[in-house]
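Notes follow the structure.
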Amino acid sequence: MKKRSVLMIVAKYPATYGHTTVINNLCAGLNKMGYRAAIAAFSFDEEPPFNIEKVRLSKKKLLTEGVKYLDFNIIHPHQARVMYYLLFKKPTKPIVFHYHAAATKIQEINLTLMMALYKKRISKTICVSQKALNHLQGLTGKCDAVIIYNGSDTNFYNPNLPKPYKKGEPQLLFVSVLRRYKNAGALVDAMPELLKKYPKAHLQIVGSGEDYDRLKEKIKRLSLENNIEMTGKVTDEELRLRYSSCDLYISASTNEHCPVPTFEAMACGKPLVLSELESHKEIVNASKAGLTFSFSNISDICRKIDEVYKNEKVYSEHALKFSRNYDWSNICKQVAIVYDQIS
Numbered sequence: 006m007k008k009r010s011v012l013m014i015v016a017k018y019p020a021t022y023g024h025t026t027v028i029n030n031l032c033a034g035l036n037k038m039g040y041r042a043a044i045a046a047f048s049f050d051e052e053p054p055f056n057i058e059k060v061r062l063s064k065k066k067l068l069t070e071g072v073k074y075l076d077f078n079i080i081h082p083h084q085a086r087v088m089y090y091l092l093f094k095k096p097t098k099p100i101v102f103h104y105h106a107a108a109t110k111i112q113e114i115n116l117t118l119m120m121a122l123y124k125k126r127i128s129k130t131i132c133v134s135q136k137a138l139n140h141l142q143g144l145t146g147k148c149d150a151v152i153i154y155n156g157s158d159t160n161f162y163n164p165n166l167p168k169p170y171k172k173g174e175p176q177l178l179f180v181s182v183l184r185r186y187k188n189a190g191a192l193v194d195a196m197p198e199l200l201k202k203y204p205k206a207h208l209q210i211v212g213s214g215e216d217y218d219r220l221k222e223k224i225k226r227l228s229l230e231n232n233i234e235m236t237g238k239v240t241d242e243e244l245r246l247r248y249s250s251c252d253l254y255i256s257a258s259t260n261e262h263c264p265v266p267t268f269e270a271m272a273c274g275k276p277l278v279l280s281e282l283e284s285h286k287e288i289v290n291a292s293k294a295g296l297t298f299s300f301s302n303i304s305d306i307c308r309k310i311d312e313v314y315k316n317e318k319v320y321s322e323h324a325l326k327f328s329r330n331y332d333w334s335n336i337c338k339q340v341a342i343v344y345d346q347i348s
C-alpha cells in the first residue's frame, strides 16, 4: 500500500532553530518510512536538507481555494500565523497543528485568536510536551491533542565523537537563538562564583540573535573573556562537536516547551543542569539526566553544576538511555500513528 503525502508548513523557511530542526528531521524520517514529505513556506532563504522537496505557498490561492489546491494528503503546519491562510476556507484535507511554543505576548494573542476562529477545523494537535499542552489549553480551552516530544538524531549526535572544543573543567554549553527570555545573562552572572570552586571552568554560548551584543558586552565588563566564549551560529557538524566537548549542558531559559538542544546533548551523553521551568522539570524527571536550579538564587546554579559534575557518569548513563527512546525515527513513528488516526 502506498504511503500518504505530508506537507510541513511554516511562514518562512528556515524558521527558528527548534522549529527548523523538528521539521527537517520529521520530513527526513517520514520519507525513509515511505511517505512523500515536503516543506512548504511563503518564502525560502535556504534550501531544505536531505533532498527534501520544497513547495512555495500562494497566499492568494489559499484564501480563494483553500488547502484543496495543495497536492498532499495531510497538511501539517507548525506555526499559528500560517493557520489563517490554511483554514480561511473549510479544509478538505486533515490538518495537524504542531504546537511548539508561544514565546511572546503577541504570539499568545495570535494563537488565542486563531484557535477561537478555527479550532474546530483542526483535525489533531500535536504538543511537544505536557507543559505545551497545559499552556495551549490554558489559552484556548480543551482541544483534541496528543503529546509527542521532540528528539535527536542519535547517529549524528552520539557519545563517541572527538572533543576539539574542550577548554575547561567543567566545560559548560548553552545552545539557542539568543533572545532576552533565554536568560543567558544568568549563566554569565553565575561564572564568577563558579570560578571560585572551579578556576578552570569554561562556558560556551552557541547561537546568534538580538541578545548577542548585550551578552558580549556583559562578558567584557565582567572580565570573563577567558572563561566564556560566544561562538555565534555554527554548522551542525561543529555543533555536534561542541556537544561532545562539553561536560554539562546548561540553560537558564525562562520560556521553553521542549528545547531540542537538551535532546541533542543527551544523545551525546551529556548531563543537564536546567532552570526550574515546568518543561525543564518534565525533561529532567523523565530522563533522570540532571538537576534543575532556582531562578531566584544564582548560587543555586553553581551548587547544581557542582552536584551534577561530581556525579557526571551516572547522569550521563541516564541521558544516553533516555535519548535512545527519542531518536527521530521513533518520533516519526508516533507522528505516523496520528496520521493513521485522522484518515
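Quick note on numbering: this note's numbering labels position 123 of the sequence shown as 128, and the sequence is numbered without any gaps.
Cβ atoms here follow ideal geometry from the backbone N, Cα and C, with glycine treated the same way.
Predicted, not measured: the structure shown is a model, and the values here were computed from it.
Can you say whether residue i is buried or exposed, counting buried as having 16 or more other CB atoms within 10 angstroms of its CB?
| i | result |
| --- | --- |
| I44 | buried |
| M38 | exposed |
| A14 | First, the residue type needs correcting, since residue 14 is Ile and not Ala in the sequence shown. Burial call: buried. |
| E261 | buried |
| D218 | exposed |
| S299 | exposed |
| F55 | exposed |
| T130 | buried |
| N165 | exposed |
| G212 | buried |
| D216 | buried |
| S304 | exposed |
| Y186 | exposed |
| T97 | exposed |
| I111 | exposed |
| P175 | buried |
| G1 | Residue 1 is absent from the model: the chain starts at 6 and stops at 348. |
| P19 | buried |
For residue i versus residue j, is the C-beta spacing smaller than 8 Å?
| i | j | result |
| --- | --- | --- |
| S258 | K171 | no |
| G214 | L183 | yes |
| Y162 | S134 | no |
| A150 | L138 | yes |
| V11 | I57 | no |
| G173 | K223 | no |
| G295 | Y331 | no |
| F49 | R41 | no |
| K196 | I233 | First, the residue type needs correcting, since residue 196 is Met and not Lys in the sequence shown. It is a contact, given that the beta carbons lie within the stated cut-off. |
| T26 | V265 | yes |
| K125 | T145 | no |
| I152 | C132 | yes |
| L192 | L178 | no |
| Y90 | M119 | no |
I'd like to know if residue i contacts chain D, where contact means its C-beta is closer than 8 Å to some C-beta of that chain.
| i | result |
| --- | --- |
| M119 | Of the protein chains in the structure, only one exists, and it is not chain D. |
Taking DSSP's pairing of strands, which residues face residue i in a bridge?
| i | result |
| --- | --- |
| D216 | BP columns for D216 are empty, so no partner. |
| T297 | L279 |
| K66 | According to DSSP, K66 bridges with nothing at all. |
| K129 | V101 |
| F49 | Y18 |
| V313 | According to DSSP, which records beta bridges pairwise, V313 is partnered with nothing at all. |
| K59 | I44 |
| P82 | I14 |
| H207 | Q176 |
| D252 | According to DSSP, D252 bridges with nothing at all. |
Measuring only the C-alpha atoms, how far is residue i from residue j?
| i | j | result |
| --- | --- | --- |
| Y22 | H83 | 13 Å |
| Y314 | N335 | 30 Å |
| R9 | E230 | 52 Å |
| C32 | P99 | 17 Å |
| L246 | G34 | 23 Å |
| L325 | G274 | 5 Å |
| L67 | Y104 | 21 Å |
| M6 | I210 | The pLDDT assigned to M6 is 42, lower than 50, so where the model puts this residue is not dependable, and the model offers no usable value. |
| L244 | R226 | 27 Å |
| D158 | W333 | 6 Å |
| D311 | I342 | 42 Å |
| K17 | F47 | 6 Å |
| N188 | D194 | 10 Å |
| R329 | K205 | 32 Å |
| E198 | V180 | 22 Å |
| D345 | Y248 | 36 Å |
| E70 | A291 | 44 Å |
| K318 | V239 | 28 Å |
| S128 | I347 | 7 Å |
| I359 | A108 | With the chain running from 6 to 348 in the structure shown, residue 359 is simply not present. |
| D76 | V278 | 45 Å |
| A85 | T236 | 31 Å |
| C337 | F268 | 15 Å |
| K309 | P276 | 11 Å |
| V101 | S228 | 49 Å |
| K64 | P53 | 21 Å |
| E242 | K221 | 24 Å |
| S256 | K73 | 43 Å |
Is residue i near the ligand FMN, in the sense that its beta carbon is under 7 Å from a heavy atom of that ligand?
| i | result |
| --- | --- |
| I127 | The ligand FMN is not part of the structure shown, which contains no ligands of any sort. |
Original post:
How about the stretch 270-285 and the stretch 300-310: do they share at least three Cβ pairs that are nearer than 8 Å?
Top reply: yes
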